Amino acid sequence: MISPENPIGVFDSGIGGLTVVRQLMKVLPRENIVYFGDTARVPYGNKSGEVVREYAVQDAKFLLSRGVKLIVVACNTASALAMDVVRSHSTVPSIGVIEPTAKEAMRQTGPRGVGVIGTLSTINSSAYEGALKSIDAKTQIMSQACPLFVPLAEEGMFDHQATELIAREYLSRFSGRIDVMILGCTHYPLLRDVISRILGNGVKLVDAGEATARSAYELLSATHMLNTQESRPRYEFYVSDFPQKFNEIAERFLGTKLEFVRKVQIYSNGEIR
Ligand code: DGL
851 MISPENPIGV FDSGIGGLTV VRQLMKVLPR ENIVYFGDTA RVPYGNKSGE
901 VVREYAVQDA KFLLSRGVKL IVVACNTASA LAMDVVRSHS TVPSIGVIEP
951 TAKEAMRQTG PRGVGVIGTL STINSSAYEG ALKSIDAKTQ IMSQACPLFV
1001 PLAEEGMFDH QATELIAREY LSRFSGRIDV MILGCTHYPL LRDVISRILG
1051 NGVKLVDAGE ATARSAYELL SATHMLNTQE SRPRYEFYVS DFPQKFNEIA
1101 ERFLGTKLEF VRKVQIYSNG EIR
């Protein structure tokens, strides 16, 4: 039986989903969390919809096997391409990052409209456009894939000249044309400073992690599934490759070292154990 003490399950293509975990820990400090990062098959952001959907279902099934009460799809690419299949294979509720983030962007935007940056697959899917237009069909939207941001963030090059140059290349066209920018990729909150510098103070940045964590809170609260136990929450992190490297980079994302990191195996039938 699933009870409020069961963990929240979070999955991502790799390490980037920790930016969402960080927000979940802040907004839901009593919740146990089980995380799966598919570090063996990252990145998802330049893979086809078919492949991302197949992986996302396998990732969700792994979390279900750990007894999670809710699945949070932290990966923007998987949220953009695979929420329907995650939902249809899941016995517990699941939320992605697109809807809550689009809602938050619409709350904050002004007359100029909304910018969206993300991986190639997220931008090509037009999932953010769809979610924004479903709130207000007249919204002005500008989007741009920024594939080089992911490796730059993973390398910790937050304040590097190369990052500044690449960010200018991607972002200059937004100048004076948007009110808010959706950071539509798990890694982009780490590049917040450089992105904000280039877009200018007038542009508000919307972090997918923050909006999604609030949405998880609302869902758990509405279904009476918030964990009220006073004990220290348990955090378990599973990855499909390089647990050591995951732990090192994790500190950059979470601001703290992880106590429990384990490697799991992906079998040829897609089962993760
Ligand atoms: N997690 C992915 C996302 O948010 C970024 C990394 C990848 O391409 O897998 O879209």
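For the sequence shown, the numbering used here assigns the number 851 to the initial residue and increments by one for each residue that follows.
We put the CB at the ideal spot given by N, CA and C, even for glycine.
Predicted model only: the values in this text are computed from it and were never measured.
- Item | Delimiting residues of the beta strand (DSSP E) encompassing Arg1142 | The displayed coordinates of the chain run from 851 to 1123. Any statement about residue 1142 would go beyond what the structure contains.
- Item | Met1007 versus Val936 - alpha carbon distance | 33 Å
- Item | Simplified DSSP state of Ser1022, which is helix, strand or coil | helix
- Query: Hey, would you say the C-beta of His1074 is under 7 Å away from at least one heavy atom of the ligand DGL?
  - Reply: no
- What's the gap between the Cα of Gln934 and the Cα of Val942? The sequence shown places Asp at residue 934, not Gln. Taking the straight line from one Cα to the other gives about 13 Å.
- Query: Quick one: any contact between the stretch 954-969 and the stretch 989-1005, if contact means 3 or more CB pairs under 8 Å?
  - Reply: yes
- Apply the 10 Å Cβ neighbour rule to Met1031 and answer buried if 16 or more other Cβ atoms are within range, or exposed otherwise. buried
- Are the Cβ atoms of Ala1063 and Lys876 separated by less than 8 Å? yes
- May I have a chain-ordered list of the alpha helix (DSSP H) segments no shorter than 4 residues that lie completely inside the stretch 1005-1078? 1011-1021, 1042-1049 and 1058-1072
- 8 Å contact criterion, which Thr1036 and Ala924 should meet: CB distance rounded: 6 Å
- Query: What are the boundary residues of the beta strand (DSSP E) that Asp888 is part of?
  - Reply: Premise fails: Asp888 is in no beta strand (DSSP E) and is neither H nor E.
- Regarding Tyr894 and the ligand DGL, is the C-beta to nearest heavy atom distance less than 7 Å? yes
- Item | Segment limits, alpha helix (DSSP H) that includes Gly980 | Ala977 to Ile985
- Endpoints, the beta strand (DSSP E) within which Ser1087 is located: Inspection of the sequence shows that residue 1087 is occupied by Phe rather than by Ser. Unbroken beta strand (DSSP E) run through Phe1087: Tyr1085 to Val1089.
- Between the stretch 1051-1063 and the stretch 1013-1032, do at least 3 Cβ pairs fall closer than 8 Å? yes
- Quick one: using the 10 Å Cβ neighbour count with 16 as the cut-off for buried, is Tyr1117 buried or exposed? exposed
- Task: Report the option in Ser1025, Ile945, Ser984 and Val1111 whose CA atom is closest to the CA atom of Met956.
- Result: Ser984
- Query: Is it true that the CB of Val918 sits closer than 8 Å to the CB of Val870?
  - Reply: no
- Task: To the nearest angstrom, report how far apart Gln990 and Ile865 are at their CA atoms.
- Result: 32 Å
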